[in-house]
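The structure appears below as structure tokens.
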Amino acid sequence: MAKLRGNGKNSSLILCRTSKDVIKRGIPIITKGEGCTVFDQEGRSYLDFVAGVTR
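Per numbering that gives the first Met the number 0, residue 0 is the first one in the sequence shown, and the count goes up by one each step.
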């Protein structure tokens, strides 16, 4: 699994909004999307329910 990289501010924001279970498994790397579904590098699908959300 790839390491999370980025500046501290954005990385902290990602980790604050991520559940502890996801962090234990590793943060998924999104490789493609179809409609409101995104897929990670292992082929697992996720519902993209945060599309268009702003602060």
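Ideal Cβ placement from N, Cα and C applies to all residues, glycine included.
Short of 6 angstroms from the beta carbon of residue 37, and not among the five residues preceding or following it, lie these beta carbons of its own chain, in chain order: 29, 45 and 47.
Assigned with DSSP and collapsed to three states, residue 32 falls in strand.
In the DSSP assignment, residue 39 is bridged to 29.
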